[in-house]
Amino acid sequence: MAAIYASTCHLKRRELWQSLSNLQTQYKALWCFIGDFNAIMGAHEHRGFAIPSRAAIDDFQKWTDNSLLLHLPTTGAHFSWSNRRGGIRHTERRLDRSLCNQDWVDFCTSISCSTLVRNRSDHFPLLLEIQCNSHKYMSSFKFLRMWSTHDNCKETIANSWKEPIIGCPMYILNNKLKRLKVRLKDWNKDVFGNIHDYVKEAESKLQDIQLEIQSNGHSDQLMSLEKVAQCDLDKALERQELFWKEKSRTKWHMEGDRNTTYFHRLAKIKNATKLISYLKNGTEVINEPSQLAEHVVNYFQNLLCTNPLVQDTLLVEDLIPPLVGDSVNNMLTMLPSKEEIKNAVFDLNKDSAPGPDGFGAYFFQHYWEIIHEDVVNAVVQFFSSGWILPNFNSNTLILIPKTDSADSIDQFRPIALANFKFKIISKVLADRLAQILPSVIYKEQRGFIHGRNIKDCIGLASEAINLLHNKSFGGNLALKIDISKAFDTLDWSFLIKVLKQFGFNTKFCNLIQVILESAHMSISINGAQHGFFKYLFTDYAINSGQVINASKSTIYPGGISQVRLANLVNLIGFNIGSMPFNYLGVPIFKGKPKARYFYSIADKIKAKLSAWKASLLSIAGRVQLVKSVIQSMLIYSVSIYSWPVSLLKSIETWSRNFIWSGDISQKKLVTVSWKKICVPMDEGGLGLRSLISINEAANLKLCWEFLNTDEDWAHILRSRVLRGQNAINHHIFSSLWSSIKSEMTIIKENSCWKVGTGHSINLWNDAWCGVPLAQSLHIHQSVINGLPQQVSDIILNQQWHIPSGLNLLFPNLQNLVHHITLPVDSIPDQLCWKHSSSGIISWNSAYEFKRKKSTTKHWAKSIWSNDIPPSKSLLAWRLMHDKLPTDEKLMERGCNLPSMCSVCHNFAESTFHLFFECTFAQSIWCWFASVLNTTLQFQSIEDIWQLSRNHARFNSKVPLWKSEVAWILSNTSLTGNHTRCASSSSIRDFMILKRLNISIHPPLPLVIKEVIWHPPLENWVKCNTDGAANNLTSSCGGIFRNHNADFLCGFAENTGLKSAFMAELCGAMRAIELAHNRNWTNLWPESDSSLVVQAFSAASLVPWEEGNQCADKLANIGLGLDNFTFWNELPPQISSPFVDNRLGKPSFRPEEGEIELRLWHEIWKKIVENEEQERKMKRELVEGIIIEELESPVIFGLRVGYRSRSEPVCAVRRNERSVSRVVCQLCFLGDLFVVSTLAP
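Be aware that the sequence shown starts at 7, since it is given in the working numbering, and climbs by one per residue.
If you want it as structure tokens, here you go:
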């Protein structure tokens, strides 16, 4: 252990860092450094106006990285030093800390570093506590994913599950899980065994065989034994990787890359440093385990009990209107279907932690085919009975520190781990509620609501802060208010009262109340369970039980006097804050974004790229770390602010160096350029995204939202920077405007207007009818100023009405304008982005517009496959880019070194020689050619040759090509037997797979579907339409038949288009138009085009071509026609399929997979199955669409106009016997839309 007191001069500290490095090199041992380092790791460890020195930060981080030191978290004061000055000169930093190497962590079972009370010094003293005795707690059961890799696991579960249990569904599910838990414990002990011992035995066995080969030479028997031993070791290592992966709780890991050491290191660090060794209770320090547990349990029992001071007032009745109707209540409380329950199970995160019973999402999803019936019955029982089995809703409270310096119980966040069997019920309810929440929750609540973005809160806060300096009567200030334990202290009676006031019925409220009252929980403290109490919560202030936490609430003053500010602080007890400050994890500041505002985020990213992580990860693992963790840390703030490009380039440099060398300050010679890496994989990249392009895309999307959304921040900013349709040129204080003003021109050049009322569109300068009229008519701006300015000036009653004066001045104006069809209703104008099919800028479309595109690489799809380990794919990727660090490439970059192939010792080392010309490589290729029995294609390369070269070069091992063949066979067998891909039916492929010892996965058999044309219901007309196309033109056709399958009429038409899809759309449109002209209101359209059918319902309802033969033949007739042709009599060309349809003769369609053919009449039978029950329900939910009963008959027809966003229109038509349904839906066709009717 070394006690550190570093100099305040960073040049002298460099000498100290070098001396400490030499000391570590000289004495290889357990090392711990503690004391005053007089250095920080980044701006996130600094608070004050002055900017910390970047050189000193870089020196300190470089030393800790090179020494592979871990920074131990310090509880207590986060900033350990203060200059104790007042005002803006006040500065705080984390100068004192503890560092240790991995050997120190492995030696200690518990490590904790905390600050003590500061007296006269400007530093907080540090207390380092270590324990070397092991803590033994009775571990709770948890289903481990590695068990699923054992062949006998599924059989064990199935045998236990099929044994009957008598009782209600919840009781059956509960007890089957309990019984399975006991069986799995015994099975793990007797069959599965200790995974670590299994790995050691497999390694020892393989090593013995390889030593025998080296000593006595190879033989077929030894080679076969080596192959089997390698497979056993790979399986053992895979199980060990899954074990440590679960222990480390790392979510960004790469499937297929074995990073066992990394996962083990994370798990060890968490176990050693996350133990709660002491807690402060006021001035008292509690460190005795039993007293610690008692203190925690008492705290939460007092917190989660009912507050007797809560009073019931009329606040709820005065503020909340009834918004929920009967149809919504019926939807919320109806019995869930099997499909809905299954979707709830598989939508939940499979990596989430399990509840007290130990069975998490992975178990329920992986073994769904075994347990699904009991799970479905238990969930249905809850919705039908409104009752939950005792302890079914049990939870374990896990204490997560809010900060690294948490040292009192109120600084820990309780997270409840619920039993997954109960989470299914809550997930079903949550999914149903998500459909209606936007209609009952005000727009100010933007988080966790579909269609809303919490980013808008940050935008509003940023604009408000930038207006604080404006003068106003009484002054300006901003309040940042914290609700103490906002969720934990909410009184449930208050919640039920709110739900009822919104209009939720008694049944739904009872379901919620049953869930709340059934919750029981215990608290996990350092791995041991303590307490078991009911989860009773407490009542806003008097009404809800929630209180404001004044110690965490802040006032940010603007133009307000100091006297008034002091009075406010004394009145409400809030702290006085200064800018910049963090809000929802994003810095809030005044004015243009500057680098110093983002240093804290950048330094946190830099700290994530630790050298000890890189040393334990493959290059593929580092790529995934950068992609999943680093870029995700930036995306939130980048979506709000325009970051300085220099800072983004620095982060990209750190990421690039981390990937290639594992050290953010060290650059490798032979690497693929960053711009090639930051392209999609199919274009030859690694799928990373350029931070500069991300920032530009975020600015573009933010500018689009500024122009088109109704959010508060956009309203405020538009009022400040727009004068009419033009932007201001002078400076204003705004953190957002500087980010988006440069994108205004880009959006204008790449957008066009869709005309509604015309009030928002400039008649001459905006693109609304192609090229702006000022350009197409060559009108000077001075002339435009005296003319009508808005498109609305030439619209009257939603019809074009061009003044006669304009017609005289511009004769071509009428021709240009009249090809634009106006909507029937007065709808707002809409700005449309030209590079998106939806007309709006999404995040992906913005990034695609900004990034530099490359050509698609034909080899990329073969390299990047889910069935190839990423590290192997990465080697092949580097080979295709010719960026492998061979001697040849190193010499090209200035390295003078003698070159010799380390395998054959005959030629200089180059990429081509190493892979294709070396005698060792040729032996491998010859063997592989005999396996494939074909000419080899050298685009797919495995890393066996790279591995052999490295063993020979760095480990002085002479590779034997037959041993490497056995290595190839074992790894190929392991990968091939784990893939879900199906093999082909080729005998040649079958022989190759058998040669490589891969189990055959036959392709799914063809499912022969019987396809029958079904006549419509009585008083309905069915129309089958189709399209046809050749190299020159396309056509459409259709046939109308009644419920007796009688021919009513038919048509065919040459559309003149070259697209079969457009012809099919035209056929559907023409059919609806003909039905409207003949007053056929009950129309049942049918098409064999999935794209056309998707506009009406779903792809699974496609009437396959075999059931659409009449329309198909009519469409082919149309190819030879010049004009529209209509038949009142049956055309002879379609008589044969027409008779087959009428007689109900089936056609047959071969189909792969499990696509289920659903017919309209089957749905109709389900709907009218119980007519008596149907009559009682005024409203109901059918196929996810709310259908209301209307008195007026259904009217449909052709409606032509510009595309408008609209929800499906649904109606009900009443007749004498039963309720018949007609679903009307908008079908968008280019710039036109069709209102059509569908049978149920």
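We put the beta carbon where it would ideally sit given N, CA and C, even for glycine. Quantities reported herein were computed from a predicted structural model and do not represent experimental measurements.
Subject >> N- and C-terminal bounds of the alpha helix (DSSP H) containing ILE1004 >> reply: Segment: none, ILE1004 is in no alpha helix (DSSP H) and carries neither H nor E.
Original post:
Just to confirm, are LYS858 and LYS681 a CB contact at a threshold of 8 Å?
Top reply: Yes, these two residues count as a Cβ contact at 8 Å.
Subject >> Inter-residue CB distance, ALA1121 and ALA1058 (contact presumed, cutoff 8 Å) >> reply: 7 Å
**OP:** Please state if the CB of THR917 and the CB of GLU1285 are separated by a distance shorter than 8 Å.
**Re:** The structure shown has nothing for residue 1285, since the chain only spans 7 to 1246.
**OP:** Return yes when the Cβ of LEU742 is within less than 8 Å of the Cβ of ASN701, no when it is not.
**Re:** no
**OP:** Could you round the C-beta distance between HIS16 and SER73 to whole angstroms and report it? I think they count as a contact, below 8 Å.
**Re:** Actually they are not in contact, since the Cβ atoms of HIS16 and SER73 sit about 18 Å apart, beyond 8 Å.
**OP:** Could you check the C-alpha separation between ALA12 and GLU717 for me, to the nearest Å?
**Re:** 52 Å
Original post:
Do TRP883 and ILE874 have their C-beta atoms closer together than 8 Å?
Top reply: Contact: no.
Subject >> Residue of THR1039, GLY173, GLY509 and ILE847 minimising C-alpha distance to PHE1067 >> reply: THR1039
Original post:
How close, in whole Å, do the beta carbons of GLY48 and LYS612 come, if the pair is a contact with beta carbons under 8 Å?
Top reply: About 6 Å separates the two Cβ atoms, so the contact holds.
Subject >> Contacts around PHE1130, its chain only, beta-carbon distance under 6 Å, and the 5 residues preceding and following it disregarded >> reply: GLU1059
Subject >> Neighbour-count burial assignment, GLU915, 16 or more Cβ in a 10 Å radius >> reply: Counting other Cβ atoms within 10 Å of its Cβ, GLU915 reaches 16 or more and is therefore classed as buried.
**OP:** Going by CA-CA distance only, name the one from ILE415, PHE147, HIS475 and THR70 that's closest to VAL303.
**Re:** ILE415
Original post:
What residue range is occupied by the uninterrupted beta strand (DSSP E) comprising CYS758?
Top reply: 757–760
Original post:
Taking the continuous alpha helix (DSSP H) assigned at ARG884, which residues delimit it?
Top reply: 876–886
Subject >> Buried or exposed (CB count within 10 angstroms, at least 16 for buried), ARG19 >> reply: A residue is called buried once 16 or more other Cβ atoms fall within 10 Å of its Cβ, and ARG19 is buried on that count.
Original post:
When DSSP labels each residue in this structure, what does LYS211 get in the three-state scheme?
Top reply: The DSSP-derived three-state label of LYS211 is helix.
Original post:
Does the beta carbon of ASP109 fall short of 7 Å from some heavy atom of the ligand NAD?
Top reply: Questions concerning the ligand NAD fall outside what the structure shown contains, since it holds no ligand whatsoever.
**OP:** Put VAL1027 into one of helix, strand or coil per three-state DSSP.
**Re:** strand
Subject >> Contact between the region 599–608 and the region 633–650 (3+ Cβ pairs under 8 Å) >> reply: yes
Subject >> Buried/exposed call for THR14, threshold 16 Cβ in 10 Å >> reply: exposed
Original post:
Is the beta carbon of ALA404 less than 8 Å from the beta carbon of SER530?
Top reply: In the sequence on display, residue 404 carries Ile and not Ala. Yes, Cβ-Cβ distance for ILE404 and SER530 is below 8 Å.
**OP:** Please classify TYR368: is it buried, with 16 or more other beta-carbons within 10 angstroms of its beta-carbon, or exposed?
**Re:** buried
**OP:** Pair every Cβ in the region 556–566 with every Cβ in the region 461–475, then say whether three or more of these pairs are closer than 8 Å.
**Re:** Here the region 556–566 makes contact with the region 461–475; the two share three or more CB pairs at distances below 8 Å.
Original post:
Any idea if PHE5 is buried or exposed, counting beta-carbon neighbours within 10 angstroms, 16 or more meaning buried?
Top reply: Since the displayed the chain opens at 7 and closes at 1246, residue 5 lies outside it and no answer follows.
Subject >> Touch test, the region 809–825 against the region 772–785, Cβ-Cβ under 8 Å, three pairs minimum >> reply: yes
Original post:
Cβ atoms of GLU711 and ALA720: under 8 Å apart, would you say?
Top reply: Cβ distance < 8 Å, so ALA720 and GLU711 count as in contact.
**OP:** Evaluate LEU762 with the Cβ neighbour count: other Cβ atoms within 10 Å of its Cβ, from every protein chain shown; 16 or more gives buried, anything less gives exposed.
**Re:** It is worth fixing the name first, because residue 762 is Gly in this sequence and not Leu. Burial call: buried.
Subject >> Proximity to CYS138 [Cα-Cα], best of ILE734, SER782 and PHE113 >> reply: Cα-wise, what sits closest to CYS138 is PHE113.
Original post:
Quick one: what does DSSP say ASP609 is sitting in, helix, strand or coil?
Top reply: The answer is helix: DSSP assigns ASP609 an H, G or I state.
Original post:
Which of the three DSSP states, helix, strand or coil, is assigned to CYS907?
Top reply: coil
Subject >> Helix, strand or coil at MET527 according to DSSP, with G and I counted as helix >> reply: MET527 falls in the strand class under three-state DSSP.
Subject >> Bridge partner(s) assigned by DSSP for ALA1035 >> reply: SER1040
**OP:** Scan the region 116–193 and note each continuous alpha helix (DSSP H) run of 4 residues or more that stays entirely inside, going in chain order.
**Re:** 159–167 and 175–193
Subject >> Contact between the region 837–853 and the region 658–674 (3+ Cβ pairs under 8 Å) >> reply: no
Original post:
Taking C-beta to C-beta, are MET4 and ILE683 nearer than 8 Å?
Top reply: The structure shown has nothing for residue 4, since the chain only spans 7 to 1246.
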